[in-house]
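To convert, take the position in the sequence shown, counting from 1, and add 21; that gives this note's numbering.
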Amino acid sequence: MEKVDVKIKATKETSYPILIDEGLLDEAYDYIKNCTDANKFLVVTNTKVYSLYGEKLKNDDAEFIVLPDGEEYKNRDILNKIIDKALEIKLERKDAIIALGGGVIGDMAGFAASTYQRGIDFIQIPTTLLAQVDSSVGGKVAVNHKLGKNVIGSFYQPKLVLADTNTLNTLDDRQFKTGLAEVLKYAFIEKSCNAGEDYHLFEFLKENKDKIYNKNHPVLQELIKICCLLKSSVVNQDEKEKGLRAILNFGHTYAHAIENITDYKLYTHGEAVSIGMKFIFDLAAELNLITPNYYNDAIKLLSDYNLTTQLSINIDIESFYNAMLSDKKVKNKAINFVMPVKEKEVSIMNNIDKKLILKGI
Ligand code: NAD
Ligand code: GLY
C-alpha cells in the first residue's frame with residue numbers, strides 16, 4: 022500500500038492520510054473507523070458508481086443517498102437533497118459523510134459535510150483517476166451555479182482519502198484520459214510545487230505509458246502517489262490559494278473558457294485542460310519563455326498520451342475572450358496565466374497581449 026500524509030502548515034492540527042492500493046473498498050470501514058469517531062455514515066454516491074461499488078460500503082451503520090450522474094447535477098438543489106437526507110436519518114455532529122465517486126460527488130458531498138451542523142467529518146473515496154490524483158485531495162469543495170462553475174463552495178479537508186485503484190478498471194477510456202490530463206499537469210509544474218524532493222514525474226510518464234494504459238496497478242499506485250505528494254506539498258504551503266496554489270490551474274485559464282463556451286457538454290474537464298496546456302505551451306513559445314527543446318518534449322508527451330490538444334469546433338474568438346475574462350480568477354480585468362518558464366517550472370503572469378492570447382485558437 023502507498024500512503025501520503027497531507028499536512029496543512031497554517032493549521033497545525035490538520036493532517037490526514039491518503040491510502041492508495043488495490044481492494045481498499047473491501048475493508049473500507051476498518052480504515053474509516055481509525056480516522057473518525059462517527060457512529061453513523063451517510064454515503065453519497067451516484068447511480069453508476071452505486072451499481073458498481075455500492076454493495077462494498079453497505080453496513081448496518083451506513084445509509085445511502087444515490088444521486089443522478091453528471092456535472093449538471095452538481096448544484097444547490099441536489100446539495101439540498103443531501104442535507105435533507107442527513108436530517109432525515111438524524112446524522113449527528115460527530116457522524117460522517119462518505120463521498121463514493123468521482124470529482125462531482127466528492128466536491129458536492131464535501132460541501133454538504135462542511136455546512137451540515139457547521140461541519141461534520143468527511144471521507145473521500147475517489148473512484149475516477151481525476152479524483153484520485155486531484156479533486157479528492159486538498160479540500161476544495163463546491164457546487165456550480167448557472168452563472169459559474171464551483172462558485173459556491175469552501176475549503177474543507179477530509180479526514181481520510183481511500184484511493185482503491187481497482188475502481189479504475191471500470192473507468193472508460195475517455196474518463197481515464199481525463200484523469201491523465203491532470204497527471205501530465207503535475208509533470209509540467211513539478212519543480213514549482215517545492216516538494217523538497219524530485220519525483221521525476223515527467224520521466225516516469227515517458228517510461229511507463231504502456232503500463233499506465235494497461236492499468237498496471239503498482240505503476241498506477243506509484244503514479245497516484247507522486248501526484249498526491251506534489252498536490253499535498255502545494256496545499257501544505259497555501260491551502261486557501263493566496264498565491265502558490267494557483268499553479269494547480271496550469272492550462273486551466275484556457276480550459277475554463279473552453280468548458281464555458283461549450284456549456285460544459287462537449288469536452289470533459291480533462292480534455293479542456295489538455296487543450297489548454299497545448300495553448301499555453303504555444304503562448305510560452307511565442308513569448309520565447311521556454312526553449313524549443315522543452316516545447317517539443319512537452320508537446321510530445323501530450324501527443325504520446327493521445328490527449329486532446331485541438332478544438333474540434335470553430336469558436337467565436339470574442340466570446341472565448343469574454344469567457345476568459347469572466348473566470349473567477351480574473352482580478353481587475355487581468356487574465357492570469359500559469360505560464361511555463363523553464364523545464365517543469367511555471368510562473369503566474371498577466372498583462373499578456375490579447376492578440377497573442379488568442380493567436381493559436
Ligand atoms: P465525474 O465525477 O463526473 O465522473 C466521471 C464519470 O465517471 C461519471 O459518469 C461517473 O459516474 C463515472 N465514474 C466514476 N467512477 C467510476 C468508476 N470507477 N467506473 C466507471 N465509471 C465511473 O467526473 P470527474 O472527472 O471525476 O470529476 C470532475 C469534477 O471534479 C468537476 O466537477 C470538477 O469541477 C471537479 N474537480 C474538483 C477539483 C478539486 O480540487 N476539488 C479538482 C479538479 C476537478
Ligand atoms: N484543482 C485545483 C486545486 O485543487 O487547487
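Here a beta-carbon is modelled for each residue, glycine too, at the ideal position from N, C-alpha and C.
* Asked: Is any heavy atom in the ligand GLY found nearer than 8 Å to the beta carbon of Lys12?
  -> No answer is possible for residue 12: the residues shown for the chain start at 22 and end at 382.
* **Distance between beta carbons of Ser156 and Asp194, contact taken as under 8 Å** => Position 173 of the sequence shown, counting from 1, holds the residue named residue 194. Position 135 of the sequence shown, counting from 1, holds the residue named residue 156. Contact flag wrong, Cβ pair sits at about 20 Å.
* Mind checking who Pro147 pairs with in its DSSP beta bridge? => Here residue 147 corresponds to residue number 126 of the sequence shown, with the count starting at 1. Its beta-bridge partners are Gly122.
* What does a CB cutoff of less than 7 Å around Val162 pick up in its chain, not counting 5 residues either side in sequence? -> Numbered from its first residue, the sequence shown carries residue 162 at position 141. Counting only Cβ-Cβ distances below 7 Å, and skipping sequence neighbours, we find Asp128, Gly131, Phe132, Ser135, Gly174, Ser175, Tyr177.
* Report whether the distance from the Cβ of Val204 to the nearest heavy atom of the ligand NAD is below 8 Å. => Taking the sequence shown and counting its residues from 1, the one referred to as residue 204 is at position 183. No, the Cβ of Val204 stays beyond 8 Å of every heavy atom of the ligand NAD.
* **Proximity test, Leu73 beta-carbon vs the ligand NAD heavy atom, cut-off 8 Å** => Here residue 73 is taken as the residue at index 52 of the sequence shown, counted from 1. Yes.
* With hydrogens ignored, establish whether the beta-carbon of Asn96 is closer than 8 Å to any heavy atom of the ligand GLY. => On the sequence shown, residue 96 is found 75 positions in, with the first residue counted as 1. Flag unset: Cβ of Asn96 not near the ligand GLY.
* **Asn309 Cβ short of 8 Å to the ligand GLY heavy atom set** => Here residue 309 is taken as the residue at index 288 of the sequence shown, counted from 1. No; taking the cut-off as 8 Å, the Cβ of Asn309 has no heavy atom of the ligand GLY nearer than that.
* Straight-line CA distance for Ile39 to Gln258? -> Taking the first residue of the sequence shown as 1, we reach residue 39 at position 18. Taking the first residue of the sequence shown as 1, we reach residue 258 at position 237. Their Cα atoms are separated by approximately 18 Å.
* Grab me the residues of Thr329's own chain with a C-beta within less than 7 Å of its C-beta, minus the 5 sequence neighbours each way, in chain order. => The residue given as residue 329 occupies position 308 in the sequence shown. So the list reads Glu292, Ser295, Ile296, once near-sequence residues are dropped.
* Is the distance from the Cβ of Leu226 to the Cβ of Leu322 below 9 Å? -> Residue 226 sits at position 205 when you count from the first residue of the sequence shown. Residue 322 sits at position 301 when you count from the first residue of the sequence shown. Yes, these two residues count as a Cβ contact at 9 Å.
* Go ahead and label Ile338 buried or exposed: buried means 16 or more other beta carbons lie within 10 angstroms of its beta carbon, across all protein chains shown. => Here residue 338 is taken as the residue at index 317 of the sequence shown, counted from 1. Ile338 is classed as exposed because its beta carbon has fewer than 16 other beta carbons within 10 Å across all chains shown.
* Asked: Do you know whose CA, among Lys375, Val27, Leu377, Lys350, lies nearest Pro179's CA?
  -> Residue 179 sits at position 158 when you count from the first residue of the sequence shown. Checked all of Lys375, Val27, Leu377, Lys350; the closest Cα to Pro179 is Val27.
* To do: Report back the beta-carbon spacing between Asp325 and Lys230 to the nearest angstrom; my notes put them in contact at under 8 Å.
  => Translated into the one-based positions of the sequence shown, residue 325 becomes position 304. Translated into the one-based positions of the sequence shown, residue 230 becomes position 209. Indeed, because the Cβ distance is near 6 Å, the residues count as touching under 8 Å.
* Asked: For the candidate residues Val87, Leu332, Gln196, whose alpha-carbon lies nearest to that of Thr289?
  -> Mapped onto the sequence shown, residue 289 falls at position 268. Checked all of Val87, Leu332, Gln196; the closest Cα to Thr289 is Gln196.
* **Ala107 versus Glu364 - alpha carbon distance** => As a position in the sequence shown, residue 107 is number 86, starting the count at 1. As a position in the sequence shown, residue 364 is number 343, starting the count at 1. The alpha-carbon of Ala107 is positioned some 48 Å away from that of Glu364.
* To do: State the CB to CB distance for the pair Asn371 and Ala355, rounded to an integer number of angstroms; the pair is presumed to be in contact (CB under 8 Å).
  => Counted from its first residue, the sequence shown places residue 371 at position 350. Counted from its first residue, the sequence shown places residue 355 at position 334. With 8 Å as the limit, Asn371 and Ala355 qualify as a contact, their Cβ atoms being about 4 Å apart.
* Check whether Gln153 and Ile233 have beta carbons under 9 Å apart -> To locate residue 153, count along the sequence shown from 1; it is residue 132. To locate residue 233, count along the sequence shown from 1; it is residue 212. Taking 9 Å as the Cβ cut-off, Gln153 and Ile233 do not qualify as a contacting pair.
* **Sequence-distant residues of the same chain with beta carbon closer than 8 Å to Asn4, five excluded per side** => In this structure the chain extends from 22 to 382, so residue 4 is not present and cannot be described.
* To do: Count the CB pairs spanning the region 97-117 and the region 32-47 that are closer than 8 Å, and state whether there are at least three.
  => no
* Asked: Which value, in whole angstroms, describes the spacing of the CA atoms of Thr68 and Gly122?
  -> The residue given as residue 68 occupies position 47 in the sequence shown. The residue given as residue 122 occupies position 101 in the sequence shown. Counting only the Cα atoms, Gly122 lies some 10 Å from Thr68.
* Count the other CB atoms, across all protein chains shown, that sit within 10 Å of the CB of Met22; report buried if there are 16 or more and exposed otherwise. => Sequence index remark: in the sequence shown, residue 22 carries index 1 (1-based). Counting Cβ neighbours within 10 Å, Met22 comes out exposed, since fewer than 16 surround it.
* Between Arg97 and the rest of its own chain, which residues show a CB-CB distance below 8 Å, the 5 nearest in sequence each way excluded? -> By 1-based counting over the sequence shown, the position of residue 97 is 76. Excluding positions up to five away in sequence, the list reads Val164, His166, Ile173.
* If you draw a straight line from the alpha carbon of Lys79 to that of Lys111, how long is it in whole angstroms? -> Along the sequence shown, one-based indexing puts residue 79 at 58. Along the sequence shown, one-based indexing puts residue 111 at 90. Cα-Cα distance, rounded: 18 Å.
* Environment of Lys299 [buried if 16+ CB atoms lie within 10 Å] -> As a first step, residue 299 is located in the sequence shown; it is residue number 278 there, counting from the start. By the 16-neighbour rule on beta-carbons within 10 angstroms, Lys299 is buried.
* Where does Phe271 fall in DSSP's three states? -> Walking along the sequence shown from the start, residue 271 turns up at place 250. Coil, per DSSP.
* Any non-hydrogen atom of the ligand GLY within 8 Å of Asn215 CB -> To locate residue 215, count along the sequence shown from 1; it is residue 194. For the ligand GLY, not one heavy atom lies less than 8 Å from the Cβ of Asn215.
* To do: Select from Gly381, Tyr94, Lys198 the residue whose C-alpha is nearest the C-alpha of Gln331.
  => By 1-based counting over the sequence shown, the position of residue 331 is 310. Nearest of Gly381, Tyr94, Lys198 to Gln331, Cα basis: Gly381.
* What does a CB cutoff of less than 6 Å around Glu113 pick up in its chain, not counting 5 residues either side in sequence? -> Taking the sequence shown and counting its residues from 1, the one referred to as residue 113 is at position 92. Closer than 6 Å at the Cβ level, and outside the excluded window around Glu113, lies no residue.
* Using 8 Å as the Cβ pair cut-off and three pairs as the minimum, do the region 210-220 and the region 254-273 touch? -> yes
* Does DSSP put Thr66 in a helix, a strand or coil? -> On the sequence shown, position 45 is the one that residue 66 refers to. Three-state result, Thr66: strand.
* From what residue to what residue does the alpha helix (DSSP H) around Tyr207 run? -> Translated into the one-based positions of the sequence shown, residue 207 becomes position 186. For Tyr207, the uninterrupted alpha helix (DSSP H) run begins and ends at 194-210, by DSSP.
* **Glu392, DSSP secondary structure in three states** => This structure does not reach residue 392, given that the chain is present from 22 up to 382, and the question cannot be answered.
* Hey, would you say the C-beta of Val256 is under 8 Å away from at least one heavy atom of the ligand MN? -> Ligands present in the displayed structure are limited to the ligand NAD and the ligand GLY, and the ligand MN is not among them.
* Asked: Is DSSP giving His290 helix, strand or coil here?
  -> Taking the first residue of the sequence shown as position 1, residue 290 is located at position 269. Three-state result, His290: helix.
* **Cβ-heavy atom distance, Arg266 to the ligand GLY, below 8 Å** => Stepping through the sequence shown from its first residue, residue 266 is reached at position 245. Answer for Arg266: yes, Cβ within range of the ligand GLY.
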